[in-house]
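*Asks:* Here the numbering used here is used: the first residue of the sequence shown is 27, the next is one more, and so on.
The structure that follows is given in the form of structure tokens.
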Amino acid sequence: MSGSTLAGFAAALEVHAREVRAGLSGSLALRGVASGSVAAVAQHAVTQTCPLILARFAALLPIPAGDRPEARDADEGTAAEYAQAIAAMAAWETAVGPDTRLRSAIHRCLSTIVQACRSCIEGHLNARSDSDIPDVRQLAGDILRVEAIEWVIGIAGGSGQSEQVRALAHRAARQSVVWAGMVFEQFKSRPDEMSHFDAVATLSAVDDLLVIILQVLESDRDERRSGSHPFVLTIGEQAMQDFVNGLQHMTDRYLRIAEKHLRTVGPAGDFAQSVLSVLHRILLLGHALRASVELVGIRLNHETALTRMVAMRAKLRASVNVPGAPECHFTRLRALDIALTEVGA
27 MSGSTLAGFA AALEVHAREV RAGLSGSLAL RGVASGSVAA VAQHAVTQTC
77 PLILARFAAL LPIPAGDRPE ARDADEGTAA EYAQAIAAMA AWETAVGPDT
127 RLRSAIHRCL STIVQACRSC IEGHLNARSD SDIPDVRQLA GDILRVEAIE
177 WVIGIAGGSG QSEQVRALAH RAARQSVVWA GMVFEQFKSR PDEMSHFDAV
227 ATLSAVDDLL VIILQVLESD RDERRSGSHP FVLTIGEQAM QDFVNGLQHM
277 TDRYLRIAEK HLRTVGPAGD FAQSVLSVLH RILLLGHALR ASVELVGIRL
327 NHETALTRMV AMRAKLRASV NVPGAPECHF TRLRALDIAL TEVGA
């Protein structure tokens, strides 16, 4: 169905419900006509229209279990437009009489969708060891999909189901921040090649980390609105604090490595070059979070990294002006220029 067809269908149901209510309050003959009309529309909606709309609605959702929604025609309505039509069917049935078949079908469909979301998110959360921790990118993508599903379920009138989906997304986001903090803590306690690799892999997904952290902030706001104790950290706030503490330690350690070997030639200098790429991502993360995360640690960590990287750039600029400066100094200077330019420094 096209978007205009779905909108017309919803409008027609609203008009029909209004006319039925008027007929049911009229003469015996009018009540009979109104009742017959309701029965005819309900039968067609239950057997034809409702199954079609619910099927297409579910098929167009980015449910991770399917991962590839069925193709849609160029003029077919969006999931939100189908959701509006679903809400109109439920409202029509409520308005015209005691029948609940449409609403029952809608509830079953939405419950199935919620279960698919639950299976996806809980599949991520069942990690039993460090090696089972899911990839940040994949988890962030699924959180965004679930967030989109929550929105359209709400439009369809499934407020209870949408709240369940919202809670799932928030739980996954909080756990992801906890896992990121664990990665940083492992690097702090055991700074070897493997913990370095894990930390870099986590930070390489800067955009995905932002998606997750913003979800945690939203869950914290929900918790505060629901009346959590003002002087006790929420689960999300504690996770964010641990994340920031780990990030601060990592940032300082990487800055010290880069500063120590900034103008070194050889393997140590090459490692400093790779560390600069990690610092670039830390800088991007801090720059993006400053506007939305009210944690002093985020701001201070960003300002510290920025100041020290600006100082490194100044040293390299002086170095490359010396005759015979090695090419690696130019390479590191370019890396710093790109990183600092991207955050407006």
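C-beta atoms are modelled at their ideal positions from N, C-alpha and C, and glycine is treated no differently.
Between which two residues does the alpha helix (DSSP H) harbouring Q187 extend?
*Replies:* On the sequence shown, residue 187 is found 161 positions in, with the first residue counted as 1. Note, Q187: alpha helix (DSSP H), S185 to S215.
*Asks:* Would you mind working out which of H196, A195, L194 and I179 sits nearest S188, comparing C-alpha positions?
*Replies:* Position 162 of the sequence shown, counting from 1, holds the residue named residue 188. Nearest C-alpha to S188: I179.
*Asks:* Starting from Q299, trace the alpha helix (DSSP H) both ways and give me its first and last residue.
*Replies:* Taking the first residue of the sequence shown as 1, we reach residue 299 at position 273. From DSSP, the alpha helix (DSSP H) with Q299 extends over P293 to L315.
*Asks:* If you run the structure through DSSP and keep just helix, strand and coil, what is S345?
*Replies:* Your numbering for residue 345 matches position 319 in the sequence shown. Of the three classes helix, strand and coil, the one that applies to S345 here is helix, per DSSP.
*Asks:* Specify whether the region 198–217 and the region 268–278 touch according to this definition: at least 3 beta carbon pairs, one from each stretch, less than 8 Å apart.
*Replies:* Yes: the two stretches touch, three or more of their Cβ pairs being nearer than 8 Å.
*Asks:* Leaving out the 5 sequence neighbours to the left and right, which residues in its chain are closer than 7 Å to L39 when beta-carbon positions are compared?
*Replies:* By one-based count along the sequence shown, residue 39 stands at place 13. Answer for L39: A114, M115 and W118, listed in chain order.
*Asks:* From Q241 to A195, what distance separates their C-alpha atoms?
*Replies:* The residue you call residue 241 lines up with position 215 of the sequence shown. The residue you call residue 195 lines up with position 169 of the sequence shown. The alpha-carbon atoms of Q241 and A195 are separated by roughly 8 Å.
*Asks:* With a cut-off of 8 Å on the beta carbons, I'd call T290 and A284 a contact; round off their distance for me.
*Replies:* As a first step, residue 290 is located in the sequence shown; it is residue number 264 there, counting from the start. As a first step, residue 284 is located in the sequence shown; it is residue number 258 there, counting from the start. Not a contact, Cβ separation roughly 10 Å.
*Asks:* Can you check which of these residues, R129, A84 and A344, is closest to R98 by C-alpha distance?
*Replies:* Position 72 of the sequence shown holds residue 98. Here the closest residue by C-alpha is A84.
*Asks:* Distance check for I132 and A227, CA to CA, integer angstroms please.
*Replies:* In the sequence shown, the residue the question calls residue 227 occupies position 201. In the sequence shown, the residue the question calls residue 132 occupies position 106. Roughly 42 Å between the two C-alpha positions.
*Asks:* Please name the residue or residues paired with S28 in a DSSP beta bridge.
*Replies:* Here residue 28 refers to the residue found at position 2 when the sequence shown is read from its first residue. E102, per the DSSP bridge assignment.
*Asks:* With DSSP collapsed to three states, give me the class of N449.
*Replies:* Missing from the structure shown is residue 449; the chain here goes from 27 to 371 and no further.
*Asks:* Looking at L309 and A365, is the spacing between their C-beta atoms short of 7 Å?
*Replies:* Against the sequence shown, residue 365 aligns to sequence position 339. Against the sequence shown, residue 309 aligns to sequence position 283. A contact, by the Cβ cut-off of 7 Å.
*Asks:* According to the Cβ coordinates, are A199 and I169 closer than 7 Å?
*Replies:* Here the question's residue 199 lines up with position 173 in the sequence shown. Here the question's residue 169 lines up with position 143 in the sequence shown. It is a contact, given that the beta carbons lie within the stated cut-off.
*Asks:* Considering only C-alpha positions, which residue in the set L80, S53 and A331 is nearest to A371?
*Replies:* Locating residue 371 in the sequence shown gives position 345, where the first residue counts as 1. Answer by Cα proximity: A331.
*Asks:* Quick check on S51: does DSSP put it in helix, strand or coil?
*Replies:* Numbered from its first residue, the sequence shown carries residue 51 at position 25. S51 falls in the coil class under three-state DSSP.
*Asks:* Does DSSP classify A121 as helix, strand or coil?
*Replies:* The sequence position of residue 121 within the sequence shown is 95, counting from 1. DSSP places A121 in helix when its eight states are reduced to three.
*Asks:* In whole angstroms, what separates the C-alpha of L288 from that of R325?
*Replies:* Residue 288 sits at position 262 when you count from the first residue of the sequence shown. Residue 325 sits at position 299 when you count from the first residue of the sequence shown. For L288 and R325, the distance between alpha carbons rounds to 25 Å.
*Asks:* Say whether the region 292–306 touches the region 353–361, bearing in mind that this needs 3 or more beta-carbon pairs closer than 8 Å, one atom from each stretch.
*Replies:* The region 292–306 is in contact with the region 353–361.
*Asks:* Beta-carbon separation of I238 and S202 under 7 Å?
*Replies:* Residue numbering aside, residue 238 sits at position 212 when the sequence shown is read from its first letter. Residue numbering aside, residue 202 sits at position 176 when the sequence shown is read from its first letter. Yes. Within cutoff.
*Asks:* Quick one: using the 10 Å Cβ neighbour count with 16 as the cut-off for buried, is V348 buried or exposed?
*Replies:* Here residue 348 corresponds to residue number 322 of the sequence shown, with the count starting at 1. So V348 ends up on the exposed side.
*Asks:* Exposed or buried, which one is N327 when buried takes at least 16 other CB atoms within 10 Å?
*Replies:* Position 301 of the sequence shown, counting from 1, holds the residue named residue 327. Buried, by the Cβ-count rule.
*Asks:* Provide the residue span of the alpha helix (DSSP H) that contains R358, from first to last.
*Replies:* Taking the sequence shown and counting its residues from 1, one reaches residue 358 at position 332. It spans E353 to E368 - the alpha helix (DSSP H) in which R358 sits, taken as one unbroken run.
*Asks:* Looking at the unbroken alpha helix (DSSP H) that takes in H150, where does it start and where does it end?
*Replies:* What you label residue 150 is simply residue 124 of the sequence shown in a count that begins at 1. Note, H150: alpha helix (DSSP H), R127 to L151.
*Asks:* Tell me whether the beta-carbon of A36 lies closer than 7 Å to the beta-carbon of A121.
*Replies:* Here residue 36 refers to the residue found at position 10 when the sequence shown is read from its first residue. Here residue 121 refers to the residue found at position 95 when the sequence shown is read from its first residue. Contact flag unset, no.
*Asks:* Quick check: G149 and S28, are their CB atoms within less than 7 Å of each other?
*Replies:* Along the sequence shown, one-based indexing puts residue 149 at 123. Along the sequence shown, one-based indexing puts residue 28 at 2. Result no, Cβ atoms of G149 and S28 do not sit closer than 7 Å.
*Asks:* With 16 as the cutoff for other CB atoms within 10 Å, does T138 come out buried or exposed?
*Replies:* The count along the sequence shown starts at 1 and reaches residue 138 at position 112. Exposed.
*Asks:* So for A371, helix, strand or coil by DSSP?
*Replies:* Looking up residue 371 in the sequence shown gives position 345. Looking at A371 - three-state DSSP - the assignment turns out to be coil, as it is neither helix nor strand.
*Asks:* Please report how far the alpha carbon of P77 lies from the alpha carbon of L235, in whole angstroms.
*Replies:* The residue labelled residue 77 in the question sits at position 51 within the sequence shown. The residue labelled residue 235 in the question sits at position 209 within the sequence shown. So the two alpha carbons sit approximately 39 Å from each other.
*Asks:* Measuring only the C-alpha atoms, how far is P293 from C354?
*Replies:* In the sequence shown, residue 293 corresponds to position 267, counting from 1. In the sequence shown, residue 354 corresponds to position 328, counting from 1. Approximately 11 Å, taken between the alpha carbons.
*Asks:* Do E176 and V191 have their C-beta atoms closer together than 7 Å?
*Replies:* Residue 176 sits at position 150 when you count from the first residue of the sequence shown. Residue 191 sits at position 165 when you count from the first residue of the sequence shown. Their beta carbons are under 7 Å apart, which means E176 touches V191 by this criterion.
*Asks:* Using the Cβ count rule (16 or more neighbours within 10 Å means buried), how would you classify A225?
*Replies:* For this step, residue 225 is matched to residue 199 along the sequence shown. By the 10 Å Cβ count, A225 comes out buried.
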